Structures are given as structure tokens and as C-alpha cells.
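Numbering (full-length UniProt numbering), first residue to last: 1 to 184.
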């Protein structure tokens, strides 16, 4: 659970995740058309699904089992391992990195840790190279050697970044971003 005042933590906890009930709950699925029997699958906000998964009212089993969301399914992980640039993370989950971090708190998924770490590292390296290229293009335009309209903006490059990545970028300050030195 994130900070009480952190809007990203609040929005992450509000994301719906699939869970399976381990016991019958009368009128549980009244609006969804489920009778609420043992084994019923529903999507609940993460904060509620987590509470149901860790609670043991009778002492022998939890009320519900929390499942991985579709955004972190094996199909998406395989696509990220193959070519991360082809996966639109924001289309998978609004707060992809945050939901991934929350799921890693609840599940022990070594493969997911590796994929998410490589993904964040790779995107940061690509972004750094793009910013270096942008600065070089701006510098050459000042010298009068730039021709054409092939100029990308930093806003174009940051499209698709999560709130976490944007926060890291903002915290880094202008001195770190504007050095103009290449990052290998």
C-alpha cells in the first residue's frame, strides 16, 4: 500500500484485478449475473482484492485468491521479452509500473522482476539517447546546419511514459538532463 497522499498510489490501488472467491457469498454477483458460488471470478479494486486474499476468517483459507491482471499475463511478459517497443504499456494498464510493483509485493515472480527491470532500464537508455540526439539537433540548428522539419520534441519522446518515469525525470533536474553528454 502506497502513501496516503500519493495520487499514483491511490489510482494504482483502484485498478481492478481478477480474483477468485474460495467460498459462496450470497448476492455477490447480483449486478454481474454471478450467483456468488464457490470459485466465482470477479474483478475487484486492488485494495479490496488484497484485503480479501490476506484475510483468514475461519483460520484455514482466505476468502479469495488474487490472480495476476491481464496486463502482467504471460502473453504480455513474452511480448515484452521479445520486443518491448511493440507493447503499449499504457493500453495494458494505466499505471503499468506501479501495478507491477504492487503485484511483486504480493507474488514471488522472478521472471516478472527480470522483465520489468530490463524494461525500465532499456526505456531509460533509449530516452537518454533520444535526448542527447535532440540536444545535438538543437545545437546544429543554432549553428545553421539543420535542414528540414525532422525535429522531435521532448514531449514526443516522453509519450507513453508512466507517471513514475515522469516523476524521476522531473526530480533529476535540468542539470542532469541538459549536459549534452552521450550515455553509452
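All residues carry an ideal CB built from backbone N, CA and C; glycine is no exception.
From a predicted model like this one, the values you see are computed outputs, not experimental measurements.
Between residue i and residue j, what straight-line distance do the alpha-carbon atoms span, to the nearest angstrom?
i           : j           : result
residue 108 : residue 138 : 46 Å
residue 23  : residue 129 : 53 Å
residue 42  : residue 101 : 22 Å
residue 63  : residue 105 : 19 Å
residue 18  : residue 131 : 39 Å
residue 54  : residue 8   : 23 Å
Give me the Cβ distance between residue i and residue j, rounded to the nearest whole Å; I'm assuming they're in contact under 8 Å.
i          : j           : result
residue 67 : residue 133 : Not confirmed; about 42 Å, so no contact.
Are the CB atoms of residue i and residue j nearer to each other than 9 Å?
i          : j          : result
residue 99 : residue 57 : no
residue 14 : residue 52 : no
residue 50 : residue 77 : no
residue 91 : residue 72 : no
residue 44 : residue 85 : no
Quick one: is residue i buried, meaning 16 or more other Cβ sit within 10 Å of its Cβ, or exposed?
i           : result
residue 136 : exposed
residue 97  : buried
residue 40  : buried
residue 12  : buried
Is it the case that the segment 108 to 120 contacts the segment 67 to 87, given that we only count it when at least three CB pairs across the two stretches are under 8 Å? yes
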